[in-house]
Amino acid sequence: MKTNTEFSFLQGGGEMGKLTREKDWSKTPLGSPDTWPQSLRTTLSIVIHSKFPMFLFWGPNLICFYNDYYRPSLGEQGKHPAILGMRAEDAWPEIWHIIKPLIDQVLNKIEPTWSENQLIPIFRNGKMEEVYWTFGYSPVFDESEKPAGVLVTCTETTEKIKALEEVKSSEQRFKNITESTDILIGLSDETSKATYFNTAWVEITGKSLEHLLAFGWADLIHPDDRDSVLNDYLKAFESKAEFTSEFRALDRNNDYRWFLSKGTPCYSAEGKFTGYISSSLDITSRKKAEVEVERFKFIADFASDPFILMREDGSFEYLNELALEKWGYTAEEAKSLKVPDVDPIYHEELFKTTFQRAQKEALPLFETLHKKKDGTIYPVEIQMKGLSIQGVPYMFAIARDITERKRIDRKLKASERNLRLMIHQAPVAIAILRGSNYVVEIVNKHSLELWGRKENEVLGKEILNAMPELNEQGIKALLDDVYQTGNRFVAKELPVEILRGNQLETVYINFSYEPLYDDNKVINGIMTVGFDVSDQVKARLKIEANREKLNVVIQASELGTWEYNLKTHEINYSNRYLEIFGYEKDSKLPHNTFLKQIHEEDLPIRQKAFEEAFAIGSLHYKARIFWPDNSLHWMEAKGTVFYKNNEPYRMIGTVRDITEEKNIQQQLFEREQKFRLLADSMPQHVWTSDPMGNLNYFNQSVFDFSGLTQAQIDKDGWIQIVHPDDREENIKQWKRSIETGEDFLIEHRFKRYDGTYRWQLSRAIPQRDEDGNIRMWVGSSTDIQDQKMFLQELEKQVKQRTSELARKNKDLEKMNKELQSFAYISSHDLQEPLRKIQTFASRIIDKEKENLSEKGVDYLSRMQNAANRMQTLIEDLLAYSRTSTGELKFKRIPLDQVVNEVSENLKEEIEQKQAKLEVSAPCKVHIIHFQFQQLLTNLISNSLKFARPGIAPIIKISSKTGTGEQLEPKRLQSDRTYCHIRVQDNGVGFDKKHSEIIFELFQRLYGKSEYKGTGIGLAIVKKIVENHNGIVNASGEKDQGATFDIYIPTLQQID
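Every letter in the sequence shown is one number past the one before it in UniProt numbering, and letter 395, counting from 1, is 395.
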């Protein structure tokens, strides 16, 4: 016996093929698959390999089979996969009363069934769901040609039904729009009689609806256009075709306006012609807007899914009744049919290739065309698969008519376009606001650009919430007035502030608010239509502002303006023009009067300037004029020539009084002559240059020293005087001064007439005008040969002195090493005898105290105390020496970290004194770590040592940063940053006069009997601060505590 997986008809088929193979059919009424009849095998193979949803009831028990494409209809947490192999009555108890009669009809009467968009609830996804289906039941015959099963082909149409409902809703919205739009909409019945005109017709024509319906609309058409329009209209009715026409018609003011009209035939759901719908767009003042209206068309007869079995030669082995019915052939006619008879795009080679490919794999779903017997071509969706029956290859196809689906898609798109076409394709900003809260329902791209918003920022939102900047600009009051009164609002060049790119921008808008009405003539929204005219308004304002600025500039510059007609010799001039020629304002003088005032020597200059002006288009000349009082003045004239037909006909220009300017130029010339006379009398070399650095004057001293002439300098340049080794630096420094405006200063050598070189100190200073602009450079070169020789001798002596200092530094290094040796001796050789004295003294006191006299004990205690003081002195001296020796390794570390380390080391002394340590030291310092630990240890120890009796010590340590200029000590570098560290206590303090000497070695302000110490601790503090390039100050008062202020750089400069 074969296993289920060995049967070829069960191979493949995806998930359901796998589940069918794996099921133990021996436990079902059908038994093992090897006992199944060929008819069941063939049908089941078609089912599981099909990409159409299919279900099969088989046998007396109506055992259930289904494929992968039916499986999604069962949902989740429902019947799948339990109903595979189950009796139909057990599988479908909730709808058995519906499907049982259909199954009986197929099996008993051998009549196929067809149900379209039928509501059949089923249990799926864990609950009962209302589901719409389009399905057909067909009999499947066994080998005895008796019905043995029912093949169900079905499609869930729930989404389609929802889409149809949406279409109806869209159609209603479209009708609402026709009443609120200014497009002229009309309807007619199948006899061409007008049945409806929208409000726009009445408003534009001024005629009543009754008048228009009584063929009055045709009377409005211009006589020249009427026959043509009516002929197009009537011909369209005869052919049931669309028509388009342009015509003129009278408006309510009896003026003709142009309209673009388009008519579309309408059909009922049964496909019956019901008349026309026409739309007429006023194209007198705006662009054509297309309105396409299509009525939904439904298929008159039942949709079907034909099953086709093809041979390799393209003939048909089997066509089911649905296929024959669809194509319009009888069973007898089908015997001679081949694929090319029903496939209008048949290609023989492609068919052969497809047939061979289908034997190996299931072909992907595709769309093509089928042709009926009467020649009708319609679209289908095809699924193909190869199969073998008794070793003969076949290819079966299931062809679903998708005409309905294609039409539904077109209808949905057309309906949506009808609703939004006018808005989205309009060349202006249009939006529809719904409700009293003005929610944005539709908005086109021009509105979004105008509003400065994206679609998702406004669509479905209240406009005043989406654009809150409008609330303070009175927009809501305008909207409310239109919404409440129905009065249309129109504004031109209204300035509105709109938030664009996080910045308020003022735009100027021409816009209108139009009320929209529902079926009950109640206002339910507002249509906004607007144009952004900001560019035009701003351009106009800019022109006006520029005109005012030009007038201000002309007045401020004291220019006189004139306009001269070259044909009539008439001249128009301003009051300033009169003043420049010495006349009172508003004087009326002929052009010849002004010409006579020009100095006779300057008339040729004027004549030449005019000749050049006619050639190049611009006029410029300067001339002297005599005023009526015979005083002499200077004026400058400029102008532009205007041409007509390539001939000059007009000139416009200005005149300027330059008398004062000419006087200043004369004074400057005289001063320059004096400067040259003075410079030539000086022994130094004096020279000048223009602002660009080009030398243009040398005094006589330069020529006398160099032996060169002006012509030689002009030819080879002044740089030839400079020593070749100094030229590069000379040019570099001179260029830098020219670029930066800084003084030029350099020492270089000049070549004398006898060929020798002498050192010169050259300096040049820029001469600036009142605005700070450099007008020229004045320089001088002074002979410093003698000073240079003196400096060279001085440098020689300094070099000798430097050598001596290096030798002494070497000696100091040697002494430093000896000091380190001394420190080692102090720490080891000197302390060793002291430790023995201290040890033996302690033993004597501990063990022999009873045998000593009272005076002996006192002497021994004094000896022990002296040894202890000596040890402390040696340790302090050692610490002091370490501050001057050793490698200075700096690192950046938080000051409060060092304070914590020291306080931890002094923990027992702090607790013994019951002292309180207050620390606020956020500075990060650049220090020698162990030295700074020593510094803080000494200062805190001093505060503990010099505490006032009976008063717990309070030690405050704080820090802050600042520049030397901001901090108090004057010795700090002003531009350097310092950390100011303050250590303050409440101890015995000291007299102010001792604030300097306490840092000296062995200085004690209190007796040994009162406070122990060596007088070295503060000297160590000062030495450590100096190692850090810092300053330490002490201040205090008797019994008021002491304060130590330390200033060290936040960043050390390490060589």
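Every residue gets a Cβ at the ideal spot worked out from N, C-alpha and C, and that includes glycine.
Go to Lys-644, then tell me how far its beta strand (DSSP E) extends in each direction, as first and last residue.
632-644
Give me the Cα-Cα distance between Gln-105 and Ile-408, rounded to the nearest whole angstrom.
32 Å
Report all residues from its chain with a CB closer than 8 Å to the CB of Asn-1029; omit the five preceding and five following residues, and keep chain order.
Ile-1048, Pro-1049, Gln-1052, Gln-1053
Contact under 8 Å by Cβ, Lys-411 with Phe-396
no
Evaluate the contact criterion for the stretch 510-529 versus the stretch 605-620: three or more CB pairs, one atom per stretch, below 8 Å.
no
Buried or exposed: which applies to Ile-221, given that a residue is buried once 16 or more other Cβ atoms fall within 10 Å of its Cβ?
buried
Which class does Lys-907 belong to by DSSP, given the choice of helix, strand or coil?
helix
Given a threshold of 16 other Cβ atoms within 10 Å of its Cβ, counted over all protein chains shown, does Met-54 qualify as buried or as exposed?
buried
Euclidean distance between Cα positions of Gly-17 and Leu-10:
6 Å
Outcome for Val-798 when other beta-carbon atoms lying within 10 angstroms are tallied against a minimum of 16:
exposed
Ala-609 versus Ala-491: straight-line alpha-carbon distance, rounded
55 Å
Neighbour-count burial assignment, Asp-24, 16 or more Cβ in a 10 Å radius:
exposed
On the premise that Asp-743 lies in contact with Ile-765, defined as a C-beta separation below 8 Å, what is that separation, rounded to the nearest angstrom?
6 Å
Would you list, in sequence order, the uninterrupted beta strand (DSSP E) runs of no fewer than 3 residues that lie entirely inside the stretch 236-275?
243-250, 256-267
Terminal residues of the continuous alpha helix (DSSP H) containing Pro-724?
724-740
Three-state secondary structure (DSSP) of Asn-773:
coil
So which of Gln-966, Ser-279, Lys-193, Ser-39 has the shortest CA-CA distance to Leu-260?
Ser-279
Which listed residue (Gly-78, Gly-75, Thr-158, Ser-144) has its alpha carbon closest to that of Glu-116
Thr-158
According to DSSP, is Glu-290 helix, strand or coil?
With a pLDDT of 34 at Glu-290, under the threshold of 50, the predicted position of this residue should be treated as unreliable, and no value is reported.
How far does the alpha helix (DSSP H) with Trp-759 in it extend, from its first residue to its last?
Premise fails: Trp-759 lies in the beta strand (DSSP E), 757-768, not in any alpha helix (DSSP H).
With DSSP as the reference, label Ala-331 as helix, strand or coil.
helix
Quick one: using the 10 Å Cβ neighbour count with 16 as the cut-off for buried, is Leu-895 buried or exposed?
buried
By Cβ distance, which residues of its chain are closer than 8 Å to Leu-906, with the 5 residues on each side in sequence left out?
Thr-937, Ile-940, Ser-941, Leu-944
Could you please give me the residues that DSSP links to Asn-510 through a beta bridge?
Phe-531
According to DSSP, residues forming a beta bridge with Ile-955:
Leu-917
When the Cα atoms are used, what is the spatial distance from Gln-700 to Pro-724?
23 Å
Along the chain, where does the beta strand (DSSP E) that runs through Lys-1022 open and close?
Careful: Lys-1022 lies outside any beta strand (DSSP E), inside the alpha helix (DSSP H) at 1017-1027.
Ile-103 to Phe-351, Cα distance in whole Å?
37 Å
Once DSSP output is grouped into helix, strand and coil, what is the label at Ile-605?
helix
Going by DSSP, name the residue or residues bridged to Ser-138.
Leu-151
Less than 7 Å between C-beta atoms, sequence neighbours within five positions excluded: which residues of the same chain meet that for Ala-947?
Lys-913, Pro-953, Gly-987
Going by DSSP, what residues sit across from Ile-133 in a beta bridge?
Residue identity check: residue 133 is Trp in the sequence provided, not Ile. Per DSSP, Gln-118, Glu-156.
Can you look up Gln-792 in the DSSP assignment and give me helix, strand or coil?
helix
Nearest by alpha-carbon distance to Ile-927: which of Asp-341, Gly-78, Ile-893 is it?
Ile-893
Distance between beta carbons of Leu-250 and Ile-183, contact taken as under 8 Å:
With 8 Å as the limit, Ile-183 and Leu-250 do not qualify as a contact, their Cβ atoms being about 18 Å apart.
Work out the CA separation of Arg-357 and Asp-301 for me, nearest whole Å.
Interpretation of Asp-301 is limited by its pLDDT of 32, a score under 50 that renders its predicted location unreliable; the figure taken from the coordinates is listed afterwards. Roughly 35 Å between the two C-alpha positions.
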